[in-house]
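Heads up, the thing below is written out as structure tokens.
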Amino acid sequence: MGHKIGVIGGDGIGPEVIKEGLKVIQAAGVDLDLFEYDLGGTRYLKDETILPDSVLKEWKDLDALYLGAVGTPEVPPGVIERGLLLKMRFELDLYINLRPFVTAGDGDSSGHDFIVIRENTEGTYAGEGGFLRKGTNHEIATQGSVNTRHGVERCIRYAFELANNRKKKHLTLVHKTNVLTFAGDLWERTFESVANEFPDVGTDYNHVDAACIYMVQDPQRYDVIVTDNLFGDILTDLGGAVSGGIGLACSANLNPERSSPSMFEPVHGSAPDIVGTGQANPTAAILSGALMLDFLKETEAAQKIEKACANPATQNGTTTEIGDAIANLV
Ligand code: IPM
Ligand code: MN
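The opening residue of the sequence shown carries number 480 in our numbering; numbering runs sequentially from there.
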């Protein structure tokens, strides 16, 4: 029996890149049982379905979810993002968003030079806030940031465990403690208390604005970064830009306790402008597949795929050609 994988190709280039990802996984000799789900903007336009509770219930029996990209220009912004992606993160309690980056550095034995651990269920993404006197000249909009001790602590502990298993054993907390004094204080105190459990891990702290400069000018200073939901969102796009572009950026939305399936997706979006042109680089989706295999303890296959993706010879040609080149090397 193979691993039970829910596949959501989604919109735009999503299905194209997922097809290559599945091809490569198969070439690596890993047995998957696939369950396809037609979800995303295109499905929403058809019958207004976003993410039914019945589907969420079915997913509880799966080992992982593999997603291409969702979103179409015809659907107003936010509908699919909140109704599908964020709902998945919240309902499946995917509280770790892990995003590894490869720069020109000498790397770690895992091949990832630095990894951003982004808290994935709280912060400004929790949706606290609202309007007062909406539509008037005196309207007020507030948008809160929710930070629970439980949520912050489990995220920070995951990051310490990860750092502890790496060569450099270093963890940087990124926040904005000089301005966000309440949330920042909770993050800082939690970081310091969890650090006591990991005496071998070196630590430091960067404000998020400074971290943006370091990430461009000196990314090698980082090993593992832990940060909140919004800072992590922004910082990982920057991470993608400094490490080979968004065509390579992969991600894992993890429920580390495995009480529900974790979800693996490229960081890039559905890129409707290049659908069907063969211009989409499937590598980010393929690397997300490797993260999925790693999480499913198919370590050897995951490493083979990462190595093949890092070979520059695989990085030319159309979507299918890149997928074939990587599949041929695993
Ligand atoms: C990401 C995306 C999402 C986020 C959007 C689509 C809601 O930008 O996965 O980084 O902000 O988390
Ligand atoms: Mn983002």
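Quick reminder that beta carbons are idealized off the backbone N, C-alpha and C, glycines included.
beta-carbon residue i near ligand 1 non-hydrogen atom, thresh 6 angstroms
i             : result
glutamate 560 : yes
leucine 564   : yes
Host beta strand (DSSP E) of residue i (start-end)
i              : result
lysine 483     : 482-489
aspartate 683  : 681-686
glutamate 499  : Here glutamate 499 belongs to no beta strand (DSSP E); instead the alpha helix (DSSP H) covers 493-506.
aspartate 510  : Neither: aspartate 510 is in no beta strand (DSSP E) and is coded neither H nor E.
valine 595     : 593-598
isoleucine 619 : 619-622
leucine 650    : 649-654
glycine 748    : Taken as a continuous stretch (DSSP letters only), glycine 748 belongs to no beta strand (DSSP E), as it is neither H nor E.
leucine 573    : Segment: none, leucine 573 is in no beta strand (DSSP E) and carries neither H nor E.
glycine 609    : 608-611
Ligand 4 heavy atom lying under 6 angstroms from the CB of residue i
i              : result
isoleucine 619 : For the structure depicted, ligand 4 is absent and the ligand set comprises only ligand 1 and ligand 2.
Residue i, enclosing alpha helix (DSSP H) - first and last residue
i                 : result
threonine 778     : 778-789
alanine 674       : 660-674
histidine 629     : 628-643
phenylalanine 774 : 762-774
asparagine 807    : 798-808
C-beta contact flag for residue i and residue j at 7 angstroms
i                 : j              : result
proline 740       : alanine 543    : yes
glycine 711       : valine 595     : yes
threonine 771     : leucine 546    : Correcting the residue identity first, residue 771 is methionine in this sequence and not threonine. No, these two residues do not count as a Cβ contact at 7 angstroms.
phenylalanine 639 : leucine 652    : no
alanine 789       : alanine 781    : no
lysine 648        : aspartate 679  : yes
glutamate 598     : aspartate 707  : yes
glutamate 839     : valine 625     : Given that the chain is displayed from residue 480 to residue 809, the structure contains no residue 839 and the question cannot be resolved.
histidine 747     : alanine 731    : no
glutamate 499     : glycine 802    : yes
leucine 565       : leucine 733    : no
tyrosine 523      : glycine 485    : no
valine 503        : isoleucine 784 : yes
alanine 642       : valine 703     : yes
threonine 600     : arginine 628   : no
valine 687        : isoleucine 635 : no
serine 749        : alanine 548    : yes
glycine 488       : aspartate 512  : no
valine 721        : methionine 694 : yes
valine 554        : glycine 520    : yes
valine 420        : alanine 759    : Because residue 420 is not part of the residues shown, which for the chain are 480 to 809, the question remains open.
aspartate 490     : glycine 557    : no
threonine 682     : glutamate 667  : no
Min CB distance residue i to chain D below 7 angstroms
i              : result
methionine 567 : Here there is only one protein chain, and chain D is not present.
Handout entry: Those residues, in chain order, that have a beta-carbon closer than 6 angstroms to some heavy atom of ligand 2
Key = Asp712 and Asp716
Exercise for the section: Go through the region 519-570 residue by residue and report every complete run of the alpha helix (DSSP H) that reaches 4 residues or more, in order. Expected result: 520-526, 532-538 and 566-570
Handout entry: Length at least 3, wholly inside the region 675-744: the beta strand (DSSP E) runs in chain order
Key = List check, beta strand (DSSP E) in window: 681-686, 703-706 and 729-733.
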